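Mapping to my numbering: the sequence shown position 274 is 354, numbers consecutive.
Think of the CB as a built atom: it goes at the ideal place given N, C-alpha and C, for glycine as much as any other residue.
Since we're looking at a predicted model, the values are computed, not measured.
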Amino acid sequence: MEEFVWTPDPVLAAETNVARLMGKAGCADITDMRAWSAANPKEFWDLVVDDLGIPFSTPYTTTLDDSDGIEWTRWFADGRINLTEVCVDRWRDDPVRSPQPALIAEEEDGTVTSLTFAQLALEVDRLTAALRADGVKPGDSVAVFMPMVAEAVIAAYAVAKVGALYLPIFSGFAAGAIASRIQDSDAHTVLTAAGSWRKGKPVELLPALNEALLSCPTVKRVVVLERTGFPTPQMHEGRDMLWGQFLDSGNGHDGRTAHDTAAEDPWMLAYTSGTTGKPKGAVHVHGGFTVKIASEAAYALDVKAGDHFQWITDMGWIMGPFTMIGAHANGAAMVMLEGSPDYPTASRVWETAERHEVAVLGISPTLIRALKAKGDEWVDGHDCSSLRILGSTGEPWNPEPYVWLSDKVGGGRVPIINISGGTEVGACFLSPYPVEPLKACTLGGACLGMDVDVFDPEGNSLEGKVGELVCKSPWPGMTRGVWRDRERYLESYWSMYPGVWRHGDWAMVDTDGQWFLYGRSDEAINVAGKRLGPSEVESVLVSDPAVAEAAT
């Protein structure tokens with residue numbers, strides 16, 4: 081039996097958001113809470129909405145409707161909610177939240193842009209007005225191809241406020257990947273920037289975008305944010321506008337009123353595929369996605385009003401919107417980091433955590449392996465005492481870097497909340513909670529409200545053995561299908577076990593009830609009757625001091 085590497089302090093555990101929720105549910109501990117929430121989804125999600133004070137402009141009366149089958153479950157469907165009202169507008173006149181930081185964006189050279197909730201609301205209003213003035217309507221698709229700057233968040237909220245469909249595109253993509261996403265979504269408008277910085281070097285975004293747009297005839301408007309250190313963009317007459325000019329064009333138009341979106345109205349197309357093949361667009365909606373993300377940030381990561389919440393990511397990946405909504409729906413500030421996390425020095429992550437008093441920091445195992453290899457001296461001397469939670473996701477851990485992060489950065493006092501879900505999950509299947517002891521590399525157990533299991537090929541539950549990670553009940557954050565490809569959605573997730581979501585990950589539950597992942601089930605090979613998956617191969621490779629990171 082493996083030892084626990086972290087055990088909660090009873091006094092601190094009692095002060096967590098999830099402890100408050102357990103008290104309201106009448107559950108004695110997290111094991112009882114997991115069981116109750118999975119068995120009583122209506123009561124659980126109603127409790128979450130009430131506990132977090134998530135505002136619906138029209139209250140819902142039906143929590144979930146699976147009359148069309150589990151694959152097409154609708155959540156809060158007769159309610160109306162716009163995620164911008166949940167995350168931004170409700171704080172603009174709040175006497176406590178309004179003057180507090182909502183967004184802290186740090187560029188690679190250390191330049192910081194900071195916006196309060198009141199200021200963020202005004203900037204979102206301005207861009208919303210400009211989009212409306214330019215003819216963007218509810219249901220239109222707007223692509224956002226930007227680095228980790230404040231305007232990327234402003235853009236996401238403005239698109240949602242209009243009622244349009246937000247299409248985030250990773251800022252490092254080449255022309256082909258950009259084009260495939262714009263083509264699939266029929267985007268009319270693209271919001272972008274002149275460039276970004278990576279390890280001290282300027283990286284222009286417009287050459288790749290302009291090449292992509294040669295095959296994207298639906299795009300009629302491109303709005304370009306000028307950046308210091310980049311030449312004035314060469315504009316395509318009649319199509320392109322500079323950011324400031326575009327904002328000015330919205331003067332006199334209403335940007336304050338959010339479109340009255342239904343809970344099941346789509347707000348985001350999040351693409352899950354790599355850079356080759358036809359992209360797969362997960363469809364996320366205003367109601368369920370917002371509630372699911374807000375709950376996971378609050379209960380798993382313990383994000384509280386006034387906290388500073390940072391994840392080392394890009395707005396083009398699901399953890400960008402996760403951090404944005406997870407912070408702002410809970411009245412916390414989002415901290416953004418542009419550029420390389422190990423430039424100009426390997427201490428950049430710890431420096432920014434100290435400088436911005438980050439309470440919740442999310443970071444990938446790959447990045448920790450790389451930072452660990454650079455030496456302890458880059459952590460020494462930095463005051464990380466503001467950290468209360470360390471988060472991670474994206475891939476399985478191996479023990480050495482996990483323990484290093486726990487001991488060297490967290491000082492043994494901070495839990496690593498290692499979450500796992502996916503773009504199409506709209507958050508997580510698995511997560512520890514800061515009220516339970518943790519083993520190295522563990523994912524804890526089921527997220528609250530999630531009826532997850534491990535199946536063998538015949539659909540039987542497994543304990544103590546590796547099998548397929550599945551979910552047996554619907555959840556609010558689940559994708560509403562694959563964009564314009566109903567059959568691909570059903571084949572990808574629902575075909576192996578009828579009525580059960582098969583995620584494609586190898587998982588195991590040990591005798592203490594703790595969950596572990598072992599990589600993708602479609603990437604495993606069989607050697608002498610034993611399964612050999614990606615995590616086993618990667619762990620061997622990164623054990624060599626000459627190897628900083630490995631991926632299979």
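S465, buried or exposed, once every other Cβ within 10 Å from all chains shown has been counted against 16: Here residue 465 refers to the residue found at position 385 of the sequence shown. Exposed: under 16 other Cβ atoms inside 10 Å.
Complete beta strand (DSSP E) runs within the stretch 165 to 226 (minimum length 3 residues, chain order): 181 to 186, 192 to 196 and 221 to 225
Neighbour-count burial assignment, D320, 16 or more Cβ in a 10 Å radius: As a position in the sequence shown, residue 320 is number 240, starting the count at 1. Buried.
Beta-ladder partner(s) of T269, from DSSP: Within the sequence shown, residue 269 is the residue found at index 189, counting from 1. According to DSSP, T269 bridges with V222 and R301.
Whole-Å CB distance - L305 paired with M226, under 8 Å assumed: As a working mapping, residue 305 is identified with position 225 in the sequence shown. As a working mapping, residue 226 is identified with position 146 in the sequence shown. The Cβ separation is near 7 Å, so the contact holds.
Under the three-state DSSP convention, the category G524 falls into: Taking the first residue of the sequence shown as position 1, residue 524 is located at position 444. Coil.
The stretch 481 to 497 contacting the stretch 326 to 337, beta-carbon criterion three pairs below 8 Å: no
Beta-carbon gap between P346 and R560 smaller than 8 Å: Residue mapping note: residue 346 aligns to position 266 of the sequence shown, counting from 1. Residue mapping note: residue 560 aligns to position 480 of the sequence shown, counting from 1. Yes. Within cutoff.
Three-way DSSP call (helix, strand, coil) for A157 in this model: The residue labelled residue 157 in the question sits at position 77 within the sequence shown. The answer is coil: DSSP assigns A157 none of H, G, I, E or B.
Where P46 falls: helix, strand or coil (DSSP): The structure shown does not extend to residue 46, since the chain spans only 81 to 632, so no value can be given for it.
Run of the beta strand (DSSP E) containing I496, from where it starts to where it stops: Translated into positions along the sequence shown, residue 496 becomes position 416. Start and end: I496 to N498.
Of the residues Q314, A257 and G256, the one placed nearest E284, counting alpha carbons only: Counting from one through the sequence shown, the residue named residue 284 turns up at place 204. It is Q314 whose Cα lies nearest to the Cα of E284.
G330 versus A426, A105 and L211, residue with shortest Cα-Cα distance: The sequence position of residue 330 within the sequence shown is 250, counting from 1. Among A426, A105 and L211, the Cα nearest to that of G330 belongs to L211.
Extent of the continuous beta strand (DSSP E) run through F389: Working through the sequence shown from its first residue, we reach residue 389 at position 309. H388 to W391 is the extent of the beta strand (DSSP E) around F389.
Cβ-based neighbour list, R468, same chain, cut-off 7 Å, excluding 5 preceding and 5 following: Here residue 468 corresponds to residue number 388 of the sequence shown, with the count starting at 1. Cβ neighbours of R468 beyond the five flanking positions: D382, A439, V440 and V494.
Reduced DSSP category for V129 - H, G, I as helix; E, B as strand; rest coil: Position 49 of the sequence shown, counting from 1, holds the residue named residue 129. The answer is helix: DSSP assigns V129 an H, G or I state.
N- and C-terminal bounds of the beta strand (DSSP E) containing Y569: Within the sequence shown, the letter at position 489 stands for residue 569. Segment R566 to Y573 is the alpha helix (DSSP H) holding Y569; no beta strand (DSSP E) there.
Beta-carbon spacing of G525, L510 below 8 Å: To locate residue 525, count along the sequence shown from 1; it is residue 445. To locate residue 510, count along the sequence shown from 1; it is residue 430. Their beta carbons are under 8 Å apart, which means G525 touches L510 by this criterion.
Q325 classed as buried or exposed, judged by whether at least 16 other C-beta atoms fall within 10 angstroms: Your numbering for residue 325 matches position 245 in the sequence shown. Q325 should be labelled exposed.
Residue(s) in a DSSP beta bridge with H364: Locating residue 364 in the sequence shown gives position 284, where the first residue counts as 1. According to DSSP, which records beta bridges pairwise, H364 is partnered with M348.
Neighbourhood of G159 by C-beta distance below 7 Å, restricted to the same chain and skipping five residues each side: As a working mapping, residue 159 is identified with position 79 in the sequence shown. Answer for G159: F136, T138, P139, Y140, A343 and G367, listed in chain order.
7 Å CB neighbourhood of A238 in its chain, flanking five on each side removed: Your numbering for residue 238 matches position 158 in the sequence shown. Cβ neighbours of A238 beyond the five flanking positions: V204, L207, T208 and L211.
Under the three-state DSSP convention, the category S276 falls into: Residue mapping note: residue 276 aligns to position 196 of the sequence shown, counting from 1. Note: S276 maps to strand in three-state DSSP.
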